[in-house]
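Worksheet: the structure to be examined is printed underneath.
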Amino acid sequence: MADSDAFVASFTDDAYLNDWGREFHGRDGVRSWDRTDNIGVQSHFELVGIEPGTDPDSYVATLKVSGNGFNGTGPMAFRLRDGLIASLRIS
327 MADSDAFVAS FTDDAYLNDW GREFHGRDGV RSWDRTDNIG VQSHFELVGI
377 EPGTDPDSYV ATLKVSGNGF NGTGPMAFRL RDGLIASLRI S
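Per this note's numbering: the sequence shown = residues 327 to 417.
Shown next, in the form of structure tokens:
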């Protein structure tokens with residue numbers, strides 16, 4: 327079962343999420359995106375691969391996404407801070 331509160335708690339208070347140019351700020355923004363584009367549309371992520379990013383504590387994960395929203399494979403660039411997601415860029 328999906329847990330929206332746990333998902334949102336994995337982000338920093340001042341998190342930045344960019345989904346193909348749509349910007350969301352802070353945990354409230356992440357919660358909004360989660361409701362409309364992630365758990366709210368029963369998204370399922372399958373990790374295809376992961377590589378270090380260009381900056382410390384950054385990674386690029388290639389994910390296969392399925393569900394009742396977007397379906398396809400693409401990169402998600404993460405930057406971590408204190409063990410939480412500080413930024414997530416989906417492109």
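Even for Gly, the Cβ is constructed at its ideal location relative to N, Cα and C.
Task: Start and end residues, alpha helix (DSSP H) containing S422 - done: Any answer about residue 422 is impossible in this case: the structure gives the chain only from 327 up to 417.
TODO: On the DSSP bridge assignment, give the partners of P278 in chain order.
DONE: Absent from the structure is residue 278, since the part of the chain shown begins at 327 and ends at 417.
- [ ] With DSSP collapsed to three states, give me the class of T362.
- [x] Here residue 362 is taken as the residue at index 36 of the sequence shown, counted from 1. T362 falls in the helix class under three-state DSSP.
Open item on the list: Measuring straight from C-alpha to C-alpha, what distance separates D408 and R415?
Closed with: Here the question's residue 408 lines up with position 82 in the sequence shown. Here the question's residue 415 lines up with position 89 in the sequence shown. C-alpha separation (whole angstroms): 18 Å.
Task: Per-residue DSSP class, three states only, for D339 - done: In the sequence shown, counting from the first residue as 1, residue 339 sits at position 13. Shown here, D339 sits in a strand according to DSSP, grouped into three states.
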